[in-house]
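Student: First to last, the protein sequences are chains A and B. Here the first sequence stands for residues 1 to 335, numbered as in this note's numbering. Here the second sequence stands for residues 336 to 670, numbered as in this note's numbering. Built from N, CA and C at the ideal position, the CB exists for glycine as well. In this text the structure is predicted, and so the values were computed from the model without any measurement. Have a look at the structure that comes next, please.
Protein chains: 2
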Amino acid sequence: MSITIKDVAKKAGVSHTTVSMVIHDDKRITPDTKKKVQAVITELKYHPNYLARGLVQGKTNTIAIMATYFSNNFEMNFLKGIEQQSGESEYQINQYSTRNKPGVKEQIMEQILYGKRADAFISLAIKPDKNMLEEFRKNGLPIILIEEEMKGAHTLKTDNYKGGFLAAEHLLKKGRKKIGIIVGELNGDEVGTSPMERLKGYQRALEEFNVDFDKDLVCEIKDFDFKDGKNSLSKFLSVNKKLDAVFCAAGDYTCFGVLEEARKRGIKVPQDLSVVGYDGLEMSAVVSPPLTTIKQSITELGREAFKIAIDAANGKLKEPKNIILQPELIIRESA
Amino acid sequence: MSITIKDVAKKAGVSHTTVSMVIHDDKRITPDTKKKVQAVITELKYHPNYLARGLVQGKTNTIAIMATYFSNNFEMNFLKGIEQQSGESEYQINQYSTRNKPGVKEQIMEQILYGKRADAFISLAIKPDKNMLEEFRKNGLPIILIEEEMKGAHTLKTDNYKGGFLAAEHLLKKGRKKIGIIVGELNGDEVGTSPMERLKGYQRALEEFNVDFDKDLVCEIKDFDFKDGKNSLSKFLSVNKKLDAVFCAAGDYTCFGVLEEARKRGIKVPQDLSVVGYDGLEMSAVVSPPLTTIKQSITELGREAFKIAIDAANGKLKEPKNIILQPELIIRESA
DNA sequence: TTAAAACTTTGAACTGCTTTCATCTTGTTT
DNA sequence: AAACAAGATGAAAGCAGTTCAAAGTTTTAA
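Structure (structure tokens):
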């Protein structure tokens with residue numbers, strides 16, 4: 001039905017091998033035949049069938065990305081970076097979401113690995129099984145971990161410890177002492193996760209300012225939504241009346257909930273309560289009051305991840321690459 | 336390198352054809368051989384190479400989605416629907432963003448069509464060329480248009496006219512007469528675009544309530560962001576001091592800008608100014624005041640689009656399908 | 001007991017492209 | 001004019017599957 005390399009060959013009066021060589025810019029082809037063949041290619045609007053090509057080359061020209069959901073702020077911004085970077089390349093992006101369903105992660109990874117669905121694999125804030133990682137290594141399929149760390153894999157993350165530290169330090173410098181912190185799930189004492197790292201940075205800052213750590217000023221949340229923010233502030237206030245600051249390490253979006261709840265209760269920000277967010281969303285500059293926040297360029301993370309993925313897919317990376325992007329404190333009016 | 340169907344066949348002591356049949360659950364295979372082969376498949380962790388399979392079947396098991404960007408609210412919510420629906424299916428999702436660059440749209444579509452990269456194509460709020468649409472039709476690649484309308488393609492949209500009408504009607508019923516409307520770009524008088532449809536619905540409501548249409552109460556915006564909302568309200572007020580309502584047909588997000596600007600100017604919502612948004616974002620329920628808005632379930636749009644895409648890919652849809660989802664007025668406190 | 005029917009299994013052909021190797025042209029040199 | 005090198009082309013094999021027709025096996029009927 002559709003145009004194949006043979007159709008081009010016939011019309012150009014050469015063999016299909018020659019056409020293939022033209023496409024691959026083989027030096028053996030004379031400029032004349034090259035021009036002739038290329039003319040036919042454009043005339044017939046010939047595009048190589050990527051399935052056939054992939055099959056014979058053992059390549060897919062595809063980068064697979066796995067995330068829990070792609071419809072959240074974090075993933076969205078990450079994808080923006082991927083988009084920006086992949087625009088110029090020949091690679092396609094394939095998305096797989098686990099939707100937090102048990103077993104799906106394994107299923108996806110097996111499919112990609114054994115079914116040869118991608119040339120590189122990016123795991124977005126999901127920790128793969130150790131055995132699976134080993135399987136990837138064995139089969140030579142590069143794997144790039146975002147906001148997770150594992151030996152043998154390329155790792156790309158933001159410095160969450162530093163982010164937590166910067167936020168708390170800023171508040172402490174302003175003389176605040178009762179600083180509530182809102183974080184994602186800590187899963188016990190598991191180290192290396194971003195909520196834990198941010199909490200640790202916060203604790204380190206307290207130490208430096210000789211302020212005691214108060215367990216009641218830590219609020220773990222789950223959904224990262226607006227409501228979480230509102231509830232967290234309420235919770236803090238019900239336990240500790242002297243609260244004078246909130247560091248919402250769970251993200252700006254959740255932080256908007258904190259602002260809203262404060263407004264509702266007649267608490268003035270930043271006079272009565274200083275608030276610092278985490279993310280540096282575009283919107284956080286225009287809410288009321290403009291949010292002081294830790295900016296981490298997830299978009300840049302995406303761009304870097306894509307670059308690494310391509311290099312890894314082409315075998316340019318022998319050693320696992322570890323990149324840590326530095327967050328930045330953006331001072332606005334909320335603190 | 337990796338396990339092929341032949342490895343399975345050899346180990347199971349059957350021909351590779353038999354293995355293929357087992358995989359496809361062919362009734363001709365006896366339960367005995369089936370069980371035997373399946374055991375080997377799991378043992379060897381065999382997964383069919385989807386490139387080879389796609390090549391021979393002329394199928395890719397992929398749905399391509401094209402949008403300007405995927406990192407906006409609309410696209411994100413649409414993808415959420417796709418995600419929900421595609422979870423159970425065997426299909427993969429491929430995203431292509433045009434980034435508004437000239438020529439990219441055509442390039443993407445050609446690649447998908449002639450390079451056989453997908454079994455169905457979803458265009459998200461982008462109008463393809465007429466010739467290109469015809470090419471798709473010729474080659475039997477189904478095309479699903481979201482929020483756009485073209486003859487011969489499957490079409491899926493929300494009833495923007497109705498939405499515009501409902502919003503304006505609600506405000507008029509409350510006695511408001513000077514209703515500013517904020518819409519996306521109208522591109523002259525081009526019909527069928529969602530901003531235009533919403534405006535028309537608004538005008539129809541005015542007519543029914545015998546209120547004259549005032550050109551100065553229409554504000555076209557471009558970026559759909561927070562600032563657009565702030566600027567629009569300022570613009571209205573500079574022209575028309577008696578403004579008593581704003582219908583932000585450009586979306587809730589922009590509408591938050593309107594609320595913010597009103598707050599800054601000391602204008603009480605809804606007492607001095609009634610405000611109605613458009614989208615029904617999750618967040619709009621929790622801002623201050625909770626936003627009265629037109630809810631359109633973009634997520635549902637995504638789900639439906641995926642279903643149609645699959646059906647179309649499998650040749651189950653002879654006639655172009657046209658679905659219009661009804662928006663809904665959510666009455667909260669802002670109007 | 002044997003032929004026919006019914007059911008399983010298998011070999012071969014095919015999908016569209018790349019790549020290696022052998023062949024066929026050239027053009028150059030002697 | 002013959003010999004040779006170098007460059008251009010083409011034939012064939014292979015990638016990993018599916019599918020159809022044919023072969024093999026078992027069951028049924030005569």
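With burial defined as no fewer than 16 other Cβ atoms inside 10 Å of the residue's Cβ, what is the status of D252/A: buried or exposed?
Tutor: The residue labelled residue 252/A in the question sits at position 252 within the first sequence. Its Cβ being crowded by 16 or more others within 10 Å, D252/A is buried.
Student: What does L459/B pair with, by DSSP beta-bridge criteria?
Tutor: Position 124 of the second sequence holds residue 459/B. DSSP, once it has assigned bridges, lists I481/B as partnering L459/B.
Student: Pick helix, strand or coil for D587/B, following the three-state DSSP scheme.
Tutor: The residue you call residue 587/B lines up with position 252 of the second sequence. Looking at D587/B - three-state DSSP - the assignment turns out to be helix.
Student: State yes or no: is the beta carbon of G450/B nearer than 8 Å to at least one beta carbon in chain A?
Tutor: Against the second sequence, residue 450/B aligns to sequence position 115. Answer yes: the Cβ-Cβ gap between G450/B and chain A drops below 8 Å somewhere.
Student: Please name the residue or residues paired with A64/A in a DSSP beta bridge.
Tutor: Within the first sequence, the letter at position 64 stands for residue 64/A. Per DSSP, N94/A, F121/A.
Student: Under 8 Å between the Cβ atoms of I514/B and L506/B?
Tutor: Position 179 of the second sequence, counted from the first residue, corresponds to residue 514/B. Position 171 of the second sequence, counted from the first residue, corresponds to residue 506/B. Yes; because the gap between Cβ atoms is below 8 Å, this pair is in contact.
Student: Does Y46/A come out as helix, strand or coil in the three-state DSSP assignment?
Tutor: Residue mapping note: residue 46/A aligns to position 46 of the first sequence, counting from 1. Of the three classes helix, strand and coil, the one that applies to Y46/A here is coil, per DSSP.
Student: Of all the residues that make up the stretch 51 to 65 of chain A, which are near chain B by a beta-carbon distance shorter than 7 Å?
Tutor: Flagged, chain order: L51, A52, G54, L55, T60.
Student: Look at the Cβ atom of D361/B, then the Cβ atom of T397/B, and state whether they are nearer than 8 Å.
Tutor: Within the second sequence, the letter at position 26 stands for residue 361/B. Within the second sequence, the letter at position 62 stands for residue 397/B. Contact flag unset, no.
Student: According to a CB-to-CB cut-off of less than 7 Å, which residues of the stretch 90 to 112 of chain A neighbour chain B?
Tutor: Listed by position along the chain: Q92, I93, N94, Q95, S97, R99, E110, Q111.
Student: Is there at least one Cβ from chain B nearer than 8 Å to G266/A's Cβ?
Tutor: Position 266 of the first sequence, counted from the start, is the residue given in the question as residue 266/A. Not closer than 8 Å to any Cβ of chain B, the Cβ of G266/A fails to qualify, so no.
Student: Using only the heavy atoms of the ligand MG, determine whether one of them is closer than 7 Å to the beta carbon of T62/A.
Tutor: Inclusion of the ligand MG in the displayed structure is not the case, the ligand content being empty and no account of it being possible.
Student: Give me the chain B residues within the contact set of G87/A, using Cβ-Cβ distance strictly less than 9 Å, ordered along the chain.
Tutor: Position 87 of the first sequence, counted from the first residue, corresponds to residue 87/A. By Cβ distance, chain B contributes S432, R434, K436, V439.
Student: Which same chain residues end up closer than 7 Å to K174/A when comparing Cβ atoms and leaving out the 5 residues on each side of it in sequence?
Tutor: Here residue 174/A refers to the residue found at position 174 when the first sequence is read from its first residue. S274, A335.
Student: In the DSSP assignment, find the unbroken beta strand (DSSP E) run with G201/A in it and report its ends.
Tutor: Counting from one through the first sequence, the residue named residue 201/A turns up at place 201. Here G201/A belongs to no beta strand (DSSP E); instead the alpha helix (DSSP H) covers 194 to 208.
Student: Compare the C-beta of P142/A against all C-beta atoms of chain B and say whether one is closer than 8 Å.
Tutor: In the first sequence, the residue the question calls residue 142/A occupies position 142. Judged by the 8 Å Cβ criterion, P142/A is not in contact with chain B.
Student: Are the C-beta atoms of G257/A and some chain B residue less than 8 Å apart?
Tutor: Along the first sequence, read from residue 1 onward, the residue named residue 257/A stands at position 257. Judged by the 8 Å Cβ criterion, G257/A is in contact with chain B.
Student: For N495/B versus E520/B, is the C-beta distance shorter than 8 Å?
Tutor: By 1-based counting over the second sequence, the position of residue 495/B is 160. By 1-based counting over the second sequence, the position of residue 520/B is 185. No, Cβ-Cβ distance for N495/B and E520/B is not below 8 Å.
Student: If the cut is a Cβ gap below 8 Å, which residues of chain A does L414/B touch?
Tutor: The sequence position of residue 414/B within the second sequence is 79, counting from 1. Within 8 Å Cβ-Cβ: F70, S71.
Student: Against K380/B, what residues of chain A qualify as contacts under a CB-to-CB distance less than 8 Å, listed in chain order?
Tutor: One-based indexing of the second sequence puts residue 380/B at position 45. Correct list: E110, Y114.
Student: Could you work out which residue in G393/B, Q631/B, L386/B, E441/B is closest to Q111/A when comparing CA atoms only?
Tutor: Against the first sequence, residue 111/A aligns to sequence position 111. Selected option, being the one with the closest Cα: L386/B.
Student: Which term fits S123/A, buried or exposed, when burial requires 16 or more other beta carbons within 10 angstroms of its beta carbon?
Tutor: Locating residue 123/A in the first sequence gives position 123, where the first residue counts as 1. Counting Cβ neighbours within 10 Å, S123/A comes out buried, since at least 16 surround it.
Student: Establish whether the CB of V621/B and some CB of chain A are separated by less than 8 Å.
Tutor: If you number the second sequence from 1, residue 621/B lands on position 286. Judged by the 8 Å Cβ criterion, V621/B is in contact with chain A.
Student: Let me check understanding here. Comparing Cα to Cα, which of N139/A, T293/A, A168/A, N240/A lies closest to G58/A?
Tutor: Numbered from its first residue, the first sequence carries residue 58/A at position 58. That would be N139/A, whose Cα lies nearest to the Cα of G58/A.
Student: So, with DSSP's three-state summary, where would you put G163/A?
Tutor: For the purposes of this step, residue 163/A is identified with residue 163 of the first sequence, where counting begins at 1. Helix.
Student: So which residues on chain B does M150/A lean against when the C-beta distance must stay under 9 Å?
Tutor: Taking the first sequence and counting its residues from 1, one reaches residue 150/A at position 150. Simply none; closest approach about 21 Å.
Student: Under a three-way DSSP split, which group does D279/A fall into?
Tutor: Reading the first sequence from its first residue, position 279 is the one you call residue 279/A. The answer is strand: DSSP assigns D279/A an E or B state.
Student: Rank E423/B, R434/B, L390/B by C-alpha distance to the C-alpha of A402/B and give the top, closest one.
Tutor: Start at 1 with the first residue of the second sequence, and residue 402/B comes out as number 67. Closest by alpha carbon: R434/B.
Student: Could you list the residues in the stretch 626 to 657 of chain B with a C-beta less than 8 Å from some C-beta on chain A, going in chain order?
Tutor: Answer in chain order: no residues at all.
Student: What is the rounded straight-line gap between the Cα of I340/B and the Cα of E378/B?
Tutor: Numbered from 1 along the second sequence, position 5 holds the residue referred to as residue 340/B. Numbered from 1 along the second sequence, position 43 holds the residue referred to as residue 378/B. Computed Cα separation, rounded: 13 Å.
Student: Just the Cα atoms here: how many angstroms apart are D228/A and I41/A?
Tutor: Against the first sequence, residue 228/A aligns to sequence position 228. Against the first sequence, residue 41/A aligns to sequence position 41. Looking at the two C-alpha atoms, the distance is approximately 57 Å.
Student: Just mark D558/B as buried or exposed, buried being the case when its beta carbon has 16 or more other beta carbons within 10 Å.
Tutor: For the purposes of this step, residue 558/B is taken as the residue at position 223 of the second sequence. Per the 10 Å Cβ criterion, exposed.
Student: Taking 8 Å as the CB-CB limit, is E555/B close to chain A?
Tutor: Numbered from 1 along the second sequence, position 220 holds the residue referred to as residue 555/B. It does not: the Cβ of E555/B has no partner Cβ on chain A nearer than 8 Å.
Student: Once you ignore the five residues that flank Q427/B on each side, which residues in its own chain have a CB closer than 7 Å to its CB?
Tutor: Taking the first residue of the second sequence as position 1, residue 427/B is located at position 92. Cβ neighbours of Q427/B beyond the five flanking positions: N396, T397.
Student: Quick check on the burial criterion: 16 or more other C-beta atoms within 10 angstroms. Buried or exposed for E147/A?
Tutor: Sequence index remark: in the first sequence, residue 147/A carries index 147 (1-based). Buried.
Student: Determine the direct distance from the alpha carbon of H24/A to that of I323/A, and round the result to whole angstroms.
Tutor: The count along the first sequence starts at 1 and reaches residue 323/A at position 323. The count along the first sequence starts at 1 and reaches residue 24/A at position 24. Going from the Cα of I323/A to the Cα of H24/A covers about 34 Å.
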